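Asker: Residues -25 to -1, 1 to 446 (mature numbering (1 follows the signal peptide of the UniProt record, and there is no 0)) make up the sequence shown, in order. Sharing a structure with you now.
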Amino acid sequence: MGCLGRKTLSFFLIFVPIYLHGALSQEAGPAGQRKPFFERLRRLEEQFRSFREVTLTHLQAIASNYNLSFNIDARFQSLAQESQAVALVVNQSQAAVQGDLGHLKTWMKKTQRRSRKVDSRLLALSTALSERSQQHTQERKEQEAQREALSSLVLDVRALQDTLAHLMHVVQSQGARLASLKGWLQVAGLGTEDPVWPPAQPGPPSPSSPKLHGARQVLRALPEPRDPPQDFAGRLQGSQEPPDLGSQRAQPPETPGEICSVGLALVFPNASTENVVFLSPSFPLGLRALSVCSWVRTALGRLGTLLSYATEENDNKLVLHGRESLSPGSIHFVIGDPAFRELPLQLLLDGQWHHMCVIWTSILGRYWLHVDRRLVATGSHFREGYEISSGGSLVLGQEQDSMGGGFDSSEAFVGSIAGLAIWDRVLVPREVSHLATGKELPPGAILTLANATSVGGFVQRVNCTCLELCP
């Protein structure tokens, strides 16, 4: 529209001089023609005024349109800047969303992994429960068989007692008969060679008579009367009332005295993924037997993860850990996930120092749990014939979801560990007792807290002269 106004203005500026030149050229004509000329000139002047007004109006319109187009350009520039800012924000939001999606994918993978672990552990738990139920059924059958055998033994003993009483009565009667026979023999020896017996009474048989000889054989065949031995009676009474084996475990644990020379101690002050201790080197060879012993103290309602050994093939190759989902004080003893056994460690939740030993052998899959020198749990058929492979990552205080990482604060251990040592053999009860009373360390330990090469987070390494002085 601005271009059209410029063309109209140019035409007007060219047309007006030409028209005025023609009008002036006509003034030299006769006087009779001046009047029409002035009228024409007046009309042209009026037309010029009106045309000037129209032109001015067009120019004002052109100026307003030019201002409008200038405002539109400014608006377009501002819109372009805003669109660039919006594009930048969109790109940033897209990058943030992609990062969140990456974290979400990682979390989903971890969740799926844990769910698979939980499923495998539930499967193993169901298998263990079925095995326990079968064991309980077998034990009940054995107990019933023992009760039946015991009842039959009691009946046999009673029958034997009745037989002994009858034999005693027979022996007494035979003794009376023997005494009477001795009297008759004395009478027969003191009298004449041919004694005359009263006809009304039958004479006593001679020593060579078959009746007396048969009586002597009967007396020789009868056993001498003996009282039953006291230990045999005690066995009978003990078999009828077996001792309560559970009463031994129900006794409270002995409180340790002054235990010194425990060596290095580690203090885990809070639940953090950074509070982790690496033991290096880990197991140099594959293990077919294992003994893990340590002094432990915790003030929480659960134990958390004491030890975790992970390899490339299995991140739970060997684990001692307790979770919030377990009963208070219970701990999972895992060898080659998903196989595990649940061990009772409620005694460790009183905030005091306690000594524990977890022992396992692949021979028959036997395992033992000692707490303060007492055997609190044992079993068999747990990873029978299995070997814990070497070359993995061994940490204290955290569970590994991947080799050397994948820690979770909810599985952390909070408390103190002192005098931890690991053997590649089965410790005998005497060695466990020596450890729990602060005596010498059994030979052959493959790892101790001296192998703690990396102590992370807020974990404190303390050298304690005696256990009571350890924090």
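The beta carbon of each residue, even a glycine, is placed where N, CA and C say it ideally should be. Every value quoted in this text rests on a predicted model; they were computed, and no experiment measured them.
Go ahead and label D290 buried or exposed: buried means 16 or more other beta carbons lie within 10 angstroms of its beta carbon, across all protein chains shown.
Answerer: D290 is buried by the Cβ-count criterion.
Asker: By alpha-carbon positions, which one of C332, D383 and I334 ends up nearest to T280?
Answerer: Measuring from the Cα of T280, the nearest candidate turns out to be D383.
Asker: Using the Cα positions of S377 and E287, report the straight-line distance between them to the nearest angstrom.
Answerer: If you take the alpha carbons of S377 and E287, they lie about 8 Å apart.
Asker: Would you list the residues sitting across from A120 in a DSSP beta bridge?
Answerer: Looking at the DSSP assignment, A120 forms no beta bridge with any residue, so it has no partner.
Asker: Can you name the start and end residues of the beta strand (DSSP E) that H356 belongs to?
Answerer: Careful: H356 lies outside any beta strand (DSSP E) and carries neither H nor E.
Asker: Which of helix, strand or coil does DSSP assign to W398?
Answerer: If DSSP states are grouped into helix, strand and coil, W398 belongs with the strands.
Asker: With C-beta atoms as the reference, is V267 less than 8 Å away from L371?
Answerer: No, the pair does not count as a contact, with Cβ atoms beyond the cut-off.
Asker: Excluding the five sequence neighbours on either side, which residues of its own chain have a C-beta within less than 7 Å of the C-beta of C441, listed in chain order?
Answerer: Hits under 7 Å: E233, I234 and C235.
Asker: If you count every other CB in all the chains shown that lies within 10 Å of the CB of A120, and 16 or more means buried, which is it?
Answerer: Looking at its Cβ environment, which holds fewer than 16 other Cβ atoms inside 10 Å, A120 is exposed.
Asker: Give the DSSP-derived three-state secondary structure of G261 in the structure shown.
Answerer: Reduced to three states, the DSSP call for G261 is coil.
Asker: Using DSSP with H/G/I as helix, E/B as strand and the rest coil, what is P446?
Answerer: It is coil, neither helix nor strand.
Asker: Rounded to whole angstroms, what is the Cα-Cα separation between R224 and Q321?
Answerer: Bear in mind that a pLDDT of 38 at R224, under 50, signals an unreliable position, so the number given afterwards is only what the model happens to contain. Using only the alpha carbons, I get a separation of about 13 Å.
Asker: Taking the C-alpha atoms as reference points, what is the distance between Q327 and S302?
Answerer: Taking the straight line joining both Cα atoms gives about 20 Å.
Asker: For G238 and A393, I'd like the C-alpha separation in whole angstroms.
Answerer: Their Cα atoms are separated by approximately 7 Å.
Asker: List in chain order: all unbroken alpha helix (DSSP H) runs of 4+ residues lying wholly within the segment 58 to 96.
Answerer: Those alpha helix (DSSP H) runs which fall completely within the segment 58 to 96 and span 4+ residues do not exist here.
Asker: Roughly how far, in whole angstroms, is the beta-carbon of F315 from the beta-carbon of R96, given that I think they are within contact range, below 8 Å?
Answerer: The Cβ separation is near 7 Å, so the contact holds.
Asker: Check each candidate in F357, R89 and E123 and name the one with the smallest Cα separation from H102.
Answerer: Per the sequence presented here, residue 102 reads as Thr, with His not at that position. That would be F357, whose Cα lies nearest to the Cα of T102.
Asker: Could you give the first and the last residue of the continuous alpha helix (DSSP H) run that contains E406?
Answerer: Element bounds for E406: P404 to A411.
Asker: Evaluate E28 with the Cβ neighbour count: other Cβ atoms within 10 Å of its Cβ, from every protein chain shown; 16 or more gives buried, anything less gives exposed.
Answerer: Answer is exposed; the Cβ neighbour count stays below 16.
Asker: For a quick check, are the C-beta atoms of A274 and G390 less than 8 Å apart?
Answerer: Yes, the Cβ-Cβ distance between A274 and G390 is below 8 Å.
Asker: Specify, as a first and last residue, the run of the beta strand (DSSP E) that N438 falls within.
Answerer: Segment Q435 to C441, the beta strand (DSSP E) holding N438.
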